[in-house]
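Residues 42 to 639, numbered by this note's numbering, are exactly what the sequence shown covers, in order. Before any comments, here is the structure.
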Amino acid sequence: MFRFAFAALAIALAAPATNAADAKKGTALPFPAKAPIVVSINGYDTARGRLNKLLTAALPKDAARVTKLLDGELDQLFEGRKLDDVRKDARGFVVLNDLASLIQDTPAVSVFVPVTKHKDFLKSFLTKEEFKTLDNGKDGVDSIKTAAFGEEQPAYLVDLKDYTAITLDKATAEAHAAKFATANSDQLGTDLAETFLKADLALYVNMDAINDQFGDQIREFKGLVDFALQQAAQQGALGSLNKKQIEAVKVILKGLVQGVEDSRGVVAAVELRPEGVFVRLQIRFSENSPSAKLLATEKPETMADIAKLPTGLGTYTAMKFGKAISEVVRDLGQEFATTDDDGKGAELLEQHLKAVADAGPGAEYSAALPPAASITVTAYKDADKAAKGLAKAFKAIGAGGRVNGIVVKSAPRVGDDAEKHAGFTFASVNLNFDFEASVAALPEMVRDATLEAFKRAVPEKAAQWIGSDGKVVVRVMAKDWEAAKKLIDQYLGGKATIGANAGFKKVREQLPAEANVLFIAEIESAINGLVAAMKPAADAIPGFPQIGIVKKVEGGQPAYLGFAVTLKGEVATVTGFVPIASLETAAKMLESLFKKVE
Numbered sequence: 042m043f044r045f046a047f048a049a050l051a052i053a054l055a056a057p058a059t060n061a062a063d064a065k066k067g068t069a070l071p072f073p074a075k076a077p078i079v080v081s082i083n084g085y086d087t088a089r090g091r092l093n094k095l096l097t098a099a100l101p102k103d104a105a106r107v108t109k110l111l112d113g114e115l116d117q118l119f120e121g122r123k124l125d126d127v128r129k130d131a132r133g134f135v136v137l138n139d140l141a142s143l144i145q146d147t148p149a150v151s152v153f154v155p156v157t158k159h160k161d162f163l164k165s166f167l168t169k170e171e172f173k174t175l176d177n178g179k180d181g182v183d184s185i186k187t188a189a190f191g192e193e194q195p196a197y198l199v200d201l202k203d204y205t206a207i208t209l210d211k212a213t214a215e216a217h218a219a220k221f222a223t224a225n226s227d228q229l230g231t232d233l234a235e236t237f238l239k240a241d242l243a244l245y246v247n248m249d250a251i252n253d254q255f256g257d258q259i260r261e262f263k264g265l266v267d268f269a270l271q272q273a274a275q276q277g278a279l280g281s282l283n284k285k286q287i288e289a290v291k292v293i294l295k296g297l298v299q300g301v302e303d304s305r306g307v308v309a310a311v312e313l314r315p316e317g318v319f320v321r322l323q324i325r326f327s328e329n330s331p332s333a334k335l336l337a338t339e340k341p342e343t344m345a346d347i348a349k350l351p352t353g354l355g356t357y358t359a360m361k362f363g364k365a366i367s368e369v370v371r372d373l374g375q376e377f378a379t380t381d382d383d384g385k386g387a388e389l390l391e392q393h394l395k396a397v398a399d400a401g402p403g404a405e406y407s408a409a410l411p412p413a414a415s416i417t418v419t420a421y422k423d424a425d426k427a428a429k430g431l432a433k434a435f436k437a438i439g440a441g442g443r444v445n446g447i448v449v450k451s452a453p454r455v456g457d458d459a460e461k462h463a464g465f466t467f468a469s470v471n472l473n474f475d476f477e478a479s480v481a482a483l484p485e486m487v488r489d490a491t492l493e494a495f496k497r498a499v500p501e502k503a504a505q506w507i508g509s510d511g512k513v514v515v516r517v518m519a520k521d522w523e524a525a526k527k528l529i530d531q532y533l534g535g536k537a538t539i540g541a542n543a544g545f546k547k548v549r550e551q552l553p554a555e556a557n558v559l560f561i562a563e564i565e566s567a568i569n570g571l572v573a574a575m576k577p578a579a580d581a582i583p584g585f586p587q588i589g590i591v592k593k594v595e596g597g598q599p600a601y602l603g604f605a606v607t608l609k610g611e612v613a614t615v616t617g618f619v620p621i622a623s624l625e626t627a628a629k630m631l632e633s634l635f636k637k638v639e
């Protein structure tokens with residue numbers, strides 16, 4: 042199966058890219074309209090050229106070696122074959138014709154190779170040994186014996202005029218030889234079709250076909266959500282999640298299943314451009330379905346104020362959702378929790394958080410370099426009310442309660458009107474966290490990793506300030522007030538802001554102009570965070586190589602990567618971008634890491 046998949050991809054790669062007209066409405070596609078999964082592959086010349094340029098820019102020391110290795114593998118794969126009769130103006134497709142066939146010895150997988158003429162393709166592409174075994178079937182299914190995929194076995198080839206379908210499954214070949222309805226770009230929808238047909242490598246999941254085949258099972262799964270969460274809670278798998286958070290998880294899980302029911306198609310794609318690597322995930326929902334109606338309430342924005350955040354931090358986030366999604370996000374990410382026996386505190390906390398919600402939250406912008414510093418700026422219709430509500434929420438937490446899921450040893454110390462600066466009045470909050478108590482109830486297999494994650498997120502003794510100027514609420518975490526003021530002044534003064542950073546600007550310019558969520562991270566910070574998260578898990582596995590410390594790459598400007606979430610119309614889109622400079626930095630850092638694996 043794996044050899045077949047690899048060879049199939051390589052054969053399809055022999056077809057260069059389709060022209061821009063492929064993304065037009067009503068474009069015919071060669072594969073069956075009911076095929077549940079299809080991979081679209083850009084042409085050999087185009088994709089190969091893009092990959093070589095990317096490798097040369099990102100891995101200047103290793104590009105030649107990697108390219109030579111790839112060339113050698115492809116030369117070996119195509120030994121004795123010619124690609125003269127593969128069309129140079131069309132892309133290839135790898136098609137899974139029946140999802141259930143994946144558990145069979147010979148899955149219903151076929152490769153659609155664009156050809157000049159079927160007969161000419163057979164003469165040039167088949168090896169001499171294969172051509173000797175060619176049997177031109179009267180039913181439209183030609184067969185050969187081939188050892189290309191391991192042991193000698195039959196393979197079937199079907200003439201589809203502009204394409205030749207190749208498969209190891211005879212029933213699939215016979216289905217292709219019979220008349221079948223072909224797909225077209227309309228069934229994907231405009232957005233998904235454009236992504237699918239312009240990417241170097243794209244995956245299309247036909248949710249219409251999957252829902253037709255497995256709709257009953259999907260609906261049954263939705264009914265099991267409550268039971269599954271109840272069992273997870275009894276086994277301690279939900280950790281410190283409170284009732285509201287568990288309800289939010291329930292809403293999300295049921296929403297995901299509903300989304301599967303409502304979706305018509307999913308496309309995941311990778312595109313290699315001169316600027317860097319783009320990835321995109323898109324989901325299209327049925328018109329007037331519950332999921333589409335939810336998306337219709339969302340309005341993507343430019344998120345321009347993300348550029349005002351202070352430079353020198355590791356991650357930058359902007360977010361704005363409509364009311365329905367905001368409520369779920371807020372409930373899932375409950376910042377505060379009282380102890381189970383603190384009924385009065387819970388009542389006060391609910392009142393104060395309601396006041397914050399009633400203050401009318403808008404777009405939120407944040408930047409952080411855990412555990413040292415962070416700044417969050419949130420627009421409110423009544424910012425003063427929101428700031429007071431947040432300060433009072435801290436007051437409602439007693440010893441043993443939680444802030445951001447972490448237990449506090451003692452009640453937070455809150456100082457009202459502690460500082461005044463640049464038109465803002467700030468309350469101060471001092472927290473003393475108990476990391477060990479925070480993970481005590483967790484299963485042993487995740488306890489150490491979670492403990493380390495908490496320590497990376499916040500200092501054991503943390504200080505923050507919450508202030509309002511009547512328009513926005515600013516929350517700052519820093520080692521002291523002087524450090525906090527510096528972050529505030531950077532934001533308010535428009536000096537030393539991230540928007541002036543060339544690397545940040547490059548990433549932001551490549552992401553969608555409007556979005557509901559923006560996330561841009563400095564690449565070194567992102568990799569260090571990832572490695573730090575992996576280390577406890579690696580240490581817990583007997584015999585697993587020890588992971589070393591990633592050192593900072595000296596010289597050069599900071600490089601970034603980012604992604605955006607856009608909810609618009611009937612389509613939800615996640616777009617990611619990694620520029621060449623970030624790939625180069627990542628390669629240097631990972632090289633350092635691997636050299637330290639003992």
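Glycine residues also receive a C-beta, built at the ideal position from the N, C-alpha and C atoms.
Span of the beta strand (DSSP E), counted from its first residue to its last, around residue i
i	result
Leu175	Segment: none, Leu175 is in no beta strand (DSSP E) and carries neither H nor E.
Ile561	Val558 to Glu563
Gln194	Gln194 to Asp200
Ala69	Ala69 to Pro73
Phe476	Counting along the chain, Phe476 falls outside any beta strand (DSSP E), though it belongs to the alpha helix (DSSP H) covering Phe476 to Val480.
Presumed contact (8 Å Cβ cut-off) between residue i and residue j, rounded CB distance
i	j	result
Glu611	Arg325	6 Å
Thr379	Ala437	7 Å
Ser151	Thr213	6 Å
Ser658	Ala605	Because the chain in this structure spans residues 42 to 639, residue 658 falls outside the shown range and cannot be described.
Assigned exposure category for residue i - 16 Cβ within 10 Å defines buried
i	result
Ala114	The question names Ala, but residue 114 in the sequence shown is Glu. Exposed, since its Cβ has fewer than 16 Cβ neighbours within 10 Å.
Ile144	exposed
Asn177	exposed
Val370	exposed
Ala222	exposed
Glu563	buried
Arg454	exposed
Pro402	buried
Ala149	buried
Gln323	buried
Asp112	exposed
Ala62	Confidence is the limiting factor: at Ala62 the pLDDT is only 43, short of 50, which leaves the residue's position unreliable, though a coordinate-based value still follows. The residue is exposed, with fewer than 16 neighbouring Cβ atoms inside 10 Å.
Ala240	buried
Lys629	buried
Phe172	exposed
Val619	buried
Gln375	buried
Gln531	buried
Met575	exposed
Ala627	buried
Gln598	exposed
Arg549	buried
Glu485	exposed
Leu631	exposed
For residue i, the nearest candidate out of the options (CA to CA)
i	options	result
Ser407	Pro553, Ser367, Gly439 and Asp346	Asp346
Asp489	Val499, Pro500 and Glu477	Glu477
Gly617	Pro315, Leu602 and Ala224	Leu602
Ala494	Leu571, Ala189, Gly597 and Phe237	Leu571
Ala613	Ala131, Lys546 and Pro341	Pro341
Asp510	Lys502, Val487 and Glu460	Glu460
Thr174	Asp161, Asp180, Gly181 and Ala188	Ala188
Leu92	Gly508, Ile207 and Lys109	Lys109
Val136	Tyr245, Leu608 and Ala574	Tyr245
Thr358	Ala365, Ala396, Ile251 and Thr417	Thr417
Phe134	Thr208, Pro195 and Ala396	Thr208
Lys496	Lys295, Leu336, Asn445 and Arg516	Asn445
Gly596	Thr607, Met248, Glu565 and Val615	Glu565
Ala567	Lys593, Val307, Pro101 and Gly121	Lys593
Residue range of the unbroken alpha helix (DSSP H) whose run includes residue i
i	result
Leu233	Thr231 to Lys239
Gln531	Trp522 to Gly534
Arg497	Glu485 to Ala498
Gly386	Gly384 to Asp399
Glu550	Ala543 to Gln551
Gly113	Ala104 to Leu118
At least 3 beta-carbon pairs within less than 8 Å: the segment 428-441 vs the segment 536-552: no
The segment 461-473 contacting the segment 378-394, beta-carbon criterion three pairs below 8 Å: no
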